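From first to last, the protein sequence lines stand for chains A and B.
Residues in the first sequence are numbered consecutively from 82, following my numbering.
Residues in the second sequence are numbered consecutively from 601, following my numbering.
Using N, Cα and C, we set each Cβ at its ideal position, and we do this for glycine too.
These numbers come from a predicted model, not from an experiment.
This report concerns only the one structure given below.
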Amino acid sequence: MKLKLHVWRQKSPKAQGKMTSYDVKQASPDMSFLEMLDVLNEDLAQKGEDPIAFDHDCREGICGSCSMVINGQPHGPEQGTTACQLHMRKFKDGDDIFIEPWRAKAFPVLKDLIVDRGAFDRIIQAGGFVSVNTGGAQDANCIPIPKHNADLAMDAAACIGCGACVAACKNSSAMLFVSAKVSHLALLPQGQPEKTRRVLNMVNQMDKEGFGNCTNQYECEAACPKEISANFIAKMNREYLGASFFSQEE
Amino acid sequence: MSWFKRTLNSSIGGKLIVAVTGLGLVGFIIAHLSGNLLIFVGREALAEYAEGLRKFPAILWALRIGLVGMAVAHIGFTIKLNLANKAARPVGYAKKTYRRATLASRTMVLSGLTLLAYIVYHLLHFTWRTTDAEIAALGPYEVYDMLIIGFSSPAISAFYIIATVLLGMHLSHGISSVFQTLGINNPKYNKLFRCLGPALGTVLALGFITIPVAVMTGFVTR
Ligand code: HEM
Ligand code: FES
C-alpha cells in the first residue's frame, strides 16, 4: 500500500519544528505501525537524510514507550492498542496519516516524536510506592483482600505510564495516570499506611509539573491503550478531598 | 490554614469550588423556574410570589449575596483553571480527533460566557427595569404584565431562548460532572449520574422556554 505521512520534525528541544510530508511507496498491511516507520527511516538513511526519531522498546504493548499521536489520536485509531501493536491493515491504500508527538508543556519534545516524560517519574517519586521496611515477610495469605478490590487494583495497575491520557486531553491533564497510580495502591492493604500523604503529594507534584485540570470529557479513557476507567479519577478526587479536609495531614 | 490554601490552589480543590458553586447555582435555577412557572397559574399567583419574596428582606439579601458570591467564585475559578489548561498545551495538534467529548462539554466556556452576558441583560431588563420604559412604569409586583411586555418582542424572546438552550447544554455537562468532581462514584449509580445532566438540563431549558413561547403564541395574554 502507498501512504502519505505528515510527520512532526524537530531537531532539538529548542529548535523550531514543523510538519514534513513523506511518501511511503511500499507498506504491507501486515506491518506494524512502527515497522512502517522503520522502512521509511531506512529509505531516509539511504538518502542521507536524518531518520525520524521515535521512542520504542518492547514493541509488544507493555512498556509504554511508543508515544505518538496518529491522525489526532494517541496510539492511533484502534481501541485499547498501543502504536507498536497497531497494524497497517487499519489504514487504507492512499491514506494521509498525521504523526505528532504528545503535546503538553510538561512533556517537552526532545526530538521529532520523542518527548521527555520525566514528569511522570517525578510524580511516582512523590508517592507512587509502598515503603517496605525490612523484616520477615509474612505469609501472603495472612492479609485478606476482597476479590473485588484485588481485581480493581489490578485494573488500575494495568497503566503502563505511556502518557496517552495527557496527549488525548484538551487540557493536557495527567489525572487518569495519577488516579490509576493512586487507586491501585489505595485499594490494597499494603497501601493504607501512606494513603493520605501519597495522594496529597502526587497531586501536588502533578500540579507542579504543569499538567492541566480535568474537565470530565473522558477523552483519556477513550485513548488509553490499557482502557483504564475514568472512574479512578473520581476515586482520586475522593481520596484527595478526604485527605485534605478530614485527615490530620497539613 | 496552610492546608486550606493548598487545597484551594490545587487542581482538584479548584474543581471542587466550581462543582459546589455550580450545584448551588443549579439550586437557584430550579427555584427560579418553579417561581416563574406561576405565570401559568395566573396574574395573582405571580404577584403574590413576588410580594412573598420581599416579605423577609434579610433572607432575600442573604440569598442574593450568596448567589453573587457563588457566581463570582464559579466564574473566577473556571477562568483560573482554564488559563492553566491553555498554558498546559502551548503547541497544539495539526490534526485532532475527538472520540468521546460531547458538544456540550466542548463549549462550556462559550455557553458560560453567553450566560453571563445574558444574566447581566436579564437583570437590567427585569430586576432593575432600565431597558424598557413600559416595564419601568409598572408597579413592583406587576410581574405578570412585565413578562408579557418583555416577551412580546421577538428579538428579546429569541435572545432568551438562545441563552436558555445554552443553559441546558451547560447543565447537561455540568450536572453530570459534579458527581465525578466530588468523587461520588459507584458503578451502581454511574449510569444514572451520566444521564442526570442531560435529563435535568433538557427539562430546565424546556421549562424556561415555555414562558416566552406562551407569550408569543398568545397562550397567556393581558
Ligand atoms: C446560571 C449559571 C450557571 C450554572 C447553574 C452553572 C453550573 C455549572 C455546573 C454544575 C458545572 C459543573 C462543575 C463541575 O465540573 O463539577 C459548571 C462548570 C463550568 N461552568 Fe458553569 N454554571 C453557570 C454559569 C457559568 C458562567 C457564567 C460561566 C462563565 C465563565 C461558567 C463556566 C463554567 C465552566 C468553564 C465550567 C467547567 C466546565 C468543565 O469542567 O468542563 N458557568 N457550571
Ligand atoms: S513499544 Fe512498548 S508499548 Fe509500544
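At 8 Å on the CB atoms, spell out the chain B contacts of residue i, in chain order.
{"i": "A/MET100", "result": "ALA694"}
{"i": "A/ILE314", "result": "GLN780"}
{"i": "A/ARG90", "result": "Going along chain B, no residue has its Cβ under 8 Å from A/ARG90, so there is no contact; the nearest lies around 12 Å."}
{"i": "A/GLN154", "result": "THR697, ARG699"}
{"i": "A/ARG184", "result": "ARG689, VAL691, GLY692, TYR693"}
Mind listing the chain B neighbours of residue i? Cutoff is C-beta to C-beta under 7 Å, in chain order.
{"i": "A/TYR321", "result": "ILE612"}
{"i": "A/GLU181", "result": "TYR693, ALA694"}
Run the proximity test for residue i: is its beta-carbon closer than 7 Å to any non-hydrogen atom belonging to the ligand FES?
{"i": "A/ARG170", "result": "no"}
{"i": "A/GLY145", "result": "yes"}
{"i": "A/ASP138", "result": "yes"}
{"i": "A/CYS165", "result": "yes"}
{"i": "A/GLY157", "result": "no"}
{"i": "A/GLY142", "result": "yes"}
At a CB-CB cut-off below 8 Å, which residues of chain A make contact with residue i?
{"i": "B/VAL765", "result": "Neighbours of B/VAL765 on chain A: none; closest Cβ ~20 Å, over 8 Å."}
{"i": "B/ARG700", "result": "GLN298, TYR299, GLU300, GLU302, ALA303"}
{"i": "B/LYS615", "result": "ASN294, CYS295, ASN318"}
{"i": "B/SER705", "result": "THR296, ASN297, GLN298"}
For residue i, list the residues DSSP reports as bridge partners.
{"i": "A/TRP89", "result": "A/MET100"}
{"i": "A/HIS168", "result": "A/SER113"}
{"i": "A/ASP177", "result": "A/LYS85"}
{"i": "B/ILE612", "result": "Looking at the DSSP assignment, B/ILE612 forms no beta bridge with any residue, so it has no partner."}
{"i": "B/VAL815", "result": "Paired residues: none, contrary to the question."}
{"i": "A/GLN154", "result": "A/ILE151"}
{"i": "A/LYS192", "result": "A/ILE195"}
{"i": "A/VAL105", "result": "A/LEU84"}
Residues of chain A with CB closer than 7 Å to the CB of residue i, please, in chain order.
{"i": "B/PRO798", "result": "Ordered by position in chain A, no residue passes the 7 Å Cβ test against B/PRO798, which lies about 13 Å from the chain."}
{"i": "B/GLY783", "result": "ALA315, LYS316, ASN318, ARG319, LEU322"}
{"i": "B/THR607", "result": "SER325"}
{"i": "B/SER777", "result": "ASN297"}
{"i": "B/ALA684", "result": "GLY293, ASN294"}
For residue i, go through chain A and note every residue whose CB falls closer than 9 Å to its CB, in chain order.
{"i": "B/THR714", "result": "Residues of chain A passing the Cβ test: none, with the nearest at roughly 18 Å."}
{"i": "B/ASN636", "result": "Correct list: empty, because the minimum Cβ distance to chain A is about 30 Å."}
{"i": "B/LEU681", "result": "ASN252, GLY293, ASN294, THR296"}
{"i": "B/SER602", "result": "GLU331"}
{"i": "B/MET708", "result": "THR296"}
Interface residues of chain B around residue i at Cβ under 9 Å?
{"i": "A/HIS87", "result": "ALA694, LYS695"}
{"i": "A/GLU123", "result": "Within 9 Å Cβ-Cβ: nothing; A/GLU123 doesn't reach chain B, min ~25 Å."}
{"i": "A/ALA187", "result": "ALA688"}
{"i": "A/ASN285", "result": "ARG606, SER610"}
Exercise. Pairing CB atoms from the segment 251-258 of chain A with CB atoms from the segment 286-299 of chain A, are three or more of them under 8 Å?
Worked result: yes
Exercise. When Cβ atoms are compared, which residues of the segment 136-152 of chain A fall closer than 8 Å to chain B?
Worked result: VAL150, ASN152
Exercise. Can you list, in chain order, the residues of the segment 192-211 of chain A whose Cβ is nearer than 9 Å to any Cβ on chain B?
Worked result: none
Problem set entry | Interface positions of the segment 288-304 of chain A facing chain B (Cβ-Cβ less than 8 Å), listed along the chain | ASP288, GLY291, PHE292, GLY293, ASN294, CYS295, THR296, ASN297, GLN298, TYR299, GLU300, GLU302, ALA303, ALA304
For this session: Check whether the segment 204-223 of chain A touches the segment 262-272 of chain A, counting contact only when three or more Cβ pairs, one atom from each stretch, lie closer than 8 Å.
Result: yes
Problem set entry | Any 3 or more C-beta pairs closer than 8 Å across the segment 762-778 of chain B and the segment 611-628 of chain B | yes
Exercise. Taking three-plus beta-carbon pairs below 8 Å as touching, is the segment 276-291 of chain A in contact with the segment 306-323 of chain A?
Worked result: yes
Exercise. Counting Cβ pairs closer than 8 Å, one from the segment 142-152 of chain A and one from the segment 162-177 of chain A, do we hit at least three?
Worked result: yes
Exercise. If we count Cβ pairs, one from each stretch, closer than 8 Å, do we get three or more for the segment 707-715 of chain B versus the segment 672-682 of chain B?
Worked result: yes
Exercise. Contact between the segment 779-789 of chain B and the segment 808-822 of chain B: three or more CB pairs below 8 Å?
Worked result: no
Exercise. Taking one C-beta from the segment 185-194 of chain A and one from the segment 687-695 of chain B each time, how about it: are there three or more such pairs within less than 8 Å?
Worked result: yes
Problem set entry | the segment 161-169 of chain A contacting the segment 106-117 of chain A, beta-carbon criterion three pairs below 8 Å | yes
Exercise. Would the segment 222-231 of chain A and the segment 198-205 of chain A be scored as touching if the rule is three or more Cβ pairs under 8 Å?
Worked result: no
Exercise. Of the residues that make up the segment 744-775 of chain B, which ones have a beta carbon closer than 7 Å to any beta carbon in chain A?
Worked result: none
For this session: Determine which residues of the segment 248-280 of chain A have a Cβ less than 7 Å from any Cβ of chain B, and write them out in chain order.
Result: ASN252, SER253
For this session: Would you be able to state if there are at least three C-beta pairs under 8 Å between the segment 754-763 of chain B and the segment 812-819 of chain B?
Result: yes
Exercise. Can you find at least 3 beta carbon pairs, one from the segment 643-656 of chain B and one from the segment 737-750 of chain B, that sit closer than 8 Å?
Worked result: yes
Problem set entry | Given 8 Å, three or more beta-carbon pairs between the segment 256-265 of chain A and the segment 299-311 of chain A | yes
For this session: Could you tell me whether the segment 232-242 of chain A touches the segment 321-331 of chain A, where touching means 3 or more Cβ pairs closer than 8 Å?
Result: no
Problem set entry | Members of the segment 105-120 of chain A near chain B, C-beta cut-off 7 Å | none
For this session: Could you list the residues in the segment 210-230 of chain A with a C-beta less than 8 Å from some C-beta on chain B, going in chain order?
Result: none
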